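Going by UniProt numbering, the sequence shown opens with residue 1, and the numbers climb by one from there.
Even glycine gets a Cβ: it sits at the ideal position worked out from N, Cα and C.
Quick caveat, the model's predicted, so the values are computed rather than measured.
Everything on this sheet refers to the single structure shown next.
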Amino acid sequence: MRLNYRIKAAREAKEWTQEELAKASGVSLQSIKRYESAKDNNITLDSLNKIAEALDVDVELFVMKNMSPSHDSKMSPSVSYSKTLSPSVHKSQKNVPQSESMSPNMSISDSPIGFVNDSLVSSNQKSSDFIKIPVYDDVYASAGAGLINDEHISSHIELDKGFLRSYFRLTSFANLSIIMSSGDSMLPTIPENCYLLIQQGDVKEGKICVTRIDDELYIKRLQKRPKYKLISDNKSYDDIILEGENYEILGVVVGLFQKL
Numbered sequence: 001m002r003l004n005y006r007i008k009a010a011r012e013a014k015e016w017t018q019e020e021l022a023k024a025s026g027v028s029l030q031s032i033k034r035y036e037s038a039k040d041n042n043i044t045l046d047s048l049n050k051i052a053e054a055l056d057v058d059v060e061l062f063v064m065k066n067m068s069p070s071h072d073s074k075m076s077p078s079v080s081y082s083k084t085l086s087p088s089v090h091k092s093q094k095n096v097p098q099s100e101s102m103s104p105n106m107s108i109s110d111s112p113i114g115f116v117n118d119s120l121v122s123s124n125q126k127s128s129d130f131i132k133i134p135v136y137d138d139v140y141a142s143a144g145a146g147l148i149n150d151e152h153i154s155s156h157i158e159l160d161k162g163f164l165r166s167y168f169r170l171t172s173f174a175n176l177s178i179i180m181s182s183g184d185s186m187l188p189t190i191p192e193n194c195y196l197l198i199q200q201g202d203v204k205e206g207k208i209c210v211t212r213i214d215d216e217l218y219i220k221r222l223q224k225r226p227k228y229k230l231i232s233d234n235k236s237y238d239d240i241i242l243e244g245e246n247y248e249i250l251g252v253v254v255g256l257f258q259k260l
């Protein structure tokens, strides 16, 4: 089911007209009509949140696989989520950016959603539009929990590629995984006890990376010159000089999922 059908189905489940939805959400009637007619794929996160709030549905209804509107405003997802997507920016910036069933406050950018190929769909959409990402519940970064390997996979979550492309600016979906953060060394950029979306591969200077030192994992910002070292955003922590250490830079943090 495409985005326009999902919005329309959720509205009709509440037995509202487009005018009533516009009034309740604060989104203009003209915009509601465009969204439901699929003439506008650039719905903003703010508008999507307002529509979801007015319809009393989880906004993830519009972005996650295996979710469909129902008349009691409940969802039947393969993974349960909290209600609102936070529009705060958590990207590796200075570019930074489940399970108990994961209920994260998904911290992403507030840029318009580019719904590629009408990618917000139900479970009957092509599986190629979704990526299955391993979740490592028992692997903590910055707390010494060992290596990331298949033996530690707790579960998988399927995320829409269009969602990942739009919010996390991913151009490749290879080698993604989700691990837990621990500690406050990367505050305020990375909160304690959140899920980190990691992509294995080369890491550019200044990006936040996952680094293994001996059998411990660290989430730090990478400095390559004049020598390799790991830097905490929380200046209460000393830098870690990598020279002489048994280390491996495993990947870059491309986003995070924060629990409420």
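Per-residue DSSP class, three states only, for residue i
| i | result |
| --- | --- |
| Glu192 | coil |
| Leu242 | coil |
| Leu3 | helix |
| Tyr167 | helix |
| Ser155 | strand |
| Asp46 | helix |
| Asp137 | strand |
| Leu250 | strand |
| Val57 | coil |
| Lys8 | helix |
| Tyr35 | helix |
| Ser28 | coil |
Proximity winner among the options, relative to residue i (alpha-carbon distances)
| i | options | result |
| --- | --- | --- |
| Ala22 | Leu3, Glu192, Leu48 | Leu48 |
| Glu245 | Gly251, Pro188, Glu216 | Glu216 |
| Ala54 | Glu19, Cys209, Arg34, Ser37 | Glu19 |
| Arg6 | Glu243, Ser31, Val57, Ser28 | Val57 |
| Ala13 | Gly201, Ser37, Ala52, Ser236 | Ala52 |
| Asp239 | Gly251, Gly255, Pro226, Lys220 | Lys220 |
| Arg212 | Asp129, Gln200, Lys50 | Gln200 |
| Ser155 | Leu170, Pro134, Asp214, Arg169 | Pro134 |
| Tyr167 | Tyr237, Gly255, Gly183 | Gly255 |
| Tyr237 | Gln258, Gly251, Glu205, Asp184 | Asp184 |
| Asp214 | Pro191, Leu250, Arg225 | Leu250 |
| Pro226 | Ala174, Ile241, Tyr218 | Ile241 |
| Ile178 | Thr171, Lys235, Cys194 | Cys194 |
| Glu205 | Leu230, Arg11, Leu170 | Leu230 |
| Ala10 | Ala174, Thr189, Val59 | Val59 |
| Asp160 | Asn175, Asp129, Thr189 | Asp129 |
Bridge-paired residues (DSSP) for residue i
| i | result |
| --- | --- |
| Glu216 | Ile213 |
| Leu197 | Ile178, Gly255 |
| Glu20 | For Glu20, which the question treats as bridged, DSSP gives no partner whatsoever. |
| Gln223 | Lys229 |
| Ile131 | Leu159 |
| Ile208 | Arg221 |
Supposed contact pair residue j and residue i - C-beta distance, whole angstroms, cut 8 Å
| i | j | result |
| --- | --- | --- |
| Leu187 | Asp233 | 7 Å |
| Leu222 | Val203 | 5 Å |
| Met180 | Val139 | 7 Å |
| Glu243 | Tyr228 | 7 Å |
| Leu164 | Ile131 | 7 Å |
| Val27 | Lys50 | 5 Å |
| Tyr136 | Ile157 | Actually they are not in contact, since the Cβ atoms of Tyr136 and Ile157 sit about 11 Å apart, beyond 8 Å. |
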